[in-house]
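In my numbering, each number is its position in the sequence shown, counted from 1, plus 19. All residues carry an ideal CB built from backbone N, CA and C; glycine is no exception. Computed from a prediction, not measured in an experiment: that's the story for all the values here. Taking it in order: structure first as structure tokens, then the write-up.
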Amino acid sequence: MAKYAFNVELSIKEFDGGDPLAFKMDGHRFDGALRTLKWSSDQTYTVKVVTKPATEVKSVNVNGQDIELSKEKLGEFKGQWKTGGAETSKRGTRTPLVFVITFSPEGQLRAEFQSKIYSKNDSHAVWGHKMNAVEFKCSAADDGVVHIVDENFK
């Protein structure tokens with residue numbers, strides 16, 4: 020039985036210009052997701068996590084790299100993530116990008132995004148639909164695992 024029910028809004032924007040992340044619809048071309056998020060290599064992104072009702076975000080990790088977080092206000096956390104050293108995706112391939120967000124007291128949420136990494140100045144990285152945020156409806160019991168009940172791209 021779920022002890023906790025809350026929403027998590029994850030937004031990712033380019034650090035320099037504040038542009039939202041782009042994505043494209045891939046249908047069922049690849050195993051898994053219908054959408055592919057588009058990233059630039061050697062780029063800095065602002066990652067923002069907002070929880071409702073407000074809860075504590077202890078850490079955010081992207082593909083094994085911890086993000087240093089600052090608490091903007093109750094239930095709102097922000098940090099920067101750099102794609103430096105990320106290998107650009109070969110044509111027709113996708114890379115999984117895994118976000119692990121740890122909440123207190125609810126536990127850990129794991130979200131995997133199908134992604135494509137473009138070279139720094141490739142305009143293809145910014146073409147497509149804009150992801151202002153992805154909202155997760157979540158539930159958790161006392162086992163330390165946060166389950167995603169529903170996912171909505173905004």
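query: P115, enclosing beta strand (DSSP E) - first and last residue; result: T114 to S123
query: Cβ-based neighbour list, K18, same chain, cut-off 7 Å, excluding 5 preceding and 5 following; result: For the chain, the structure presents residues 20 to 173; residue 18 sits outside this window and is missing.
query: The region 108-127 touching the region 77-91, judged by at least three CB pairs closer than 8 Å; result: yes
query: Beta carbon of T55 nearer than 8 Å to that of Q133; result: yes
query: Cβ-Cβ distance between K71 and K97 below 8 Å; result: no
query: In DSSP terms, what P72 is bridged to; result: In the DSSP output, where bridge partners are listed per residue, P72 has none listed.
query: Own chain, CB closer than 6 Å to P39, minus 5 neighbours either side, in chain order; result: K32, K149, M150 and N151
query: Member of F25, T112, S138 and G163 whose CA lies at the smallest distance from the CA of S60; result: S138
query: CB contact flag (G163, G103, <8 Å); result: no
query: Residues near N171 in its chain [Cβ-Cβ closer than 6 Å; skip 5 each side]; result: E154
query: Expected contact under 8 Å - CB spacing of E87 and V69 to nearest Å; result: The pair is not a contact, with the Cβ atoms about 18 Å apart (cut-off 8 Å).
query: Selection from K101, K57, E91 and T114 that minimises the alpha carbon distance to D35; result: K101
query: Beta-carbon separation (whole angstroms), E7 vs I136, contact threshold 8 Å; result: What the structure shows of the chain is the stretch from 20 to 173, and residue 7 is not part of that stretch, so it cannot be assessed.
query: Neighbour-count burial assignment, V168, 16 or more Cβ in a 10 Å radius; result: exposed
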